[in-house]
Amino acid sequence: MPKWHLTGKAPGRRLKPHLIQVYTSLFLEEIAEKDKGEDYKVSLEERYNQLKKEYETYQKLAEDTIQKQSMKIIELDKKLDMVSLIVEISEYINRCLGSSEIDYLINDIMIGILGVTYSSVYLMENRKLKLKASNLNNADHHYIVDEFNKGRIYKLNNSILNSYSNMCKDDRIQIHSSVYMPIYMKDRVLGLIVVEHNIYEYLSDSHVKLLTALTNQIAICLENNRLYNQIKESSQKDGLTGLFNRTYFFYTVNKIIEDEDSSFGIVMIDIDDFKICNDTKGHQCGDAVIRKISKVIKANLREEDICGRYGGEEIIVYMYGVKNIIDIYNRMESIRKIIAETVTCHKNIEFKATVSMGIAIKEEGESLEQIIRRADINLYKAKALGKNRVIY
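This is the structure we're talking about:
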């Protein structure tokens, strides 16, 4: 651009004022265009950096969200695995309802699932914790059990113990980590599970959480088992005497007879003058007499013998494997004498009762009904001969 363009002077002549104004305006526009280009360049760079920062922020947020969701999924999988495990255990235990081995089953489950060295299962019995199953030879170091049974503590809480020193009194057994987990059904204590390990701090809060979930389900299973046995017993036992009821007595005896062809004897027992007891002492005293006599008879029979309430004040006994009627007679005569000396006390009322008995032993080709009929006839003979005697 010529120098005179800026000065407004041309060689040998002078610019007019309006032209100076035009040239100045054009010059300023040119400078503005250059500045505008520079500003636009700066604006693009700032915008890029801003977008980059926003993207990085979003990317981090997305990664954090994905990580959190992944953790939630992993946690959910763990919970589902735990639920599945608990359901399987529940089904497994419930298949053993009514079994006397259910305590050992629970103990084995604790060892298998938790991987502990030792496990012990205590259940409430007569308001005290009683050891039902354990792979320990000596559980005397379970001091919480002793404290609870002596009434020094009234509520059991779960607790985790870790010690460098051996917790067991027996030096041959090393225990350095243990968890005490009570079994509750609502506010009622059903029992206590103690799991132990020989490694220090092996058991942790995660084991406590799993054990808590397991004991909640075990409580339901134990309650189901109690109700099952209660219903089973009520369907088999006579409510007053605790002997087998008539239906279950015949079911059991007939099954034995069907399964094996062995000799046996039947004894029919009737309480003498029982109506007089009811009329003079009252029916409650009469019930007490039946209970007492039933208890004496049951206590003096062999394990393989079966005793049931036939009806009213009559009791029936199946004596397994006997071939000599004299053996039955001697045993029943001994029981008769014990009963004659037994005093029943009920609400300051004392009463002595006697019994009459009729015996029959199986003969070739006889049915159970025929043998019972012969024993019943001998019972009538005992009554006719003056009562308080055994006839065969």
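So the mapping is simple: the numbering used here equals the position in the sequence shown, first residue as 1, plus 68.
For each residue, glycine too, the CB sits at the ideal point set by N, CA and C.
Every value quoted in this text rests on a predicted model; they were computed, and no experiment measured them.
Asked, Found
"Cβ distance (whole Å) where arginine 404 is taken to contact methionine 425 below 8 Å", "6 Å"
"Identified DSSP bridge partners for asparagine 230", "Ser245"
"Span separating the alpha-carbon of glutamate 372 from that of tyrosine 252", "38 Å"
"Valine 458 to isoleucine 406 span [Cα, whole Å]", "13 Å"
"Classification of glycine 333 by the beta-carbon crowding that lies within 10 angstroms, buried from 16 upward", "buried"
"Cβ separation of alanine 421 and valine 357, assumed to be a contact under 8 Å, to the nearest whole Å", "5 Å"
"Proximity of tyrosine 388 and serine 435 at Cβ, strictly below 8 Å", "no"
"Proximity to cysteine 413 [Cα-Cα], best of Gly350, Leu271, Ile228", "Gly350"
"Buried or exposed (CB count within 10 angstroms, at least 16 for buried), arginine 370", "exposed"
"Environment of isoleucine 445 [buried if 16+ CB atoms lie within 10 Å]", "exposed"
"Beta-bridge pairing of aspartate 338 - partner residues as DSSP gives them", "Glu382, Ser424"
"Boundaries (first-last residue) of the alpha helix (DSSP H) holding threonine 315", "314-327"
"Same chain, Cβ closer than 8 Å to serine 111, neighbours up to 5 away in sequence not counted", "none"
"Element boundaries [beta strand (DSSP E), containing threonine 412]", "411-414"
"Cβ neighbour criterion (16 or more within 10 Å) applied to alanine 201", "buried"
"Rounded separation between isoleucine 241 and serine 188 - CA only", "14 Å"
"Close Cβ partners of phenylalanine 317 (< 7 Å) along its chain, the five nearest in sequence each way excluded", "Ile374, Gly376, Ile384"
"CB-CB length for glutamine 285 against serine 402, believed under 8 Å", "The Cβ separation is near 50 Å, so there is no contact."
"Whether cysteine 353 touches phenylalanine 419 by CB criterion (8 Å)", "yes"
"Distance CB(leucine 271)-CB(serine 303) smaller than 8 Å", "no"
"First through last residue of the alpha helix (DSSP H) which encompasses histidine 275", "273-304"
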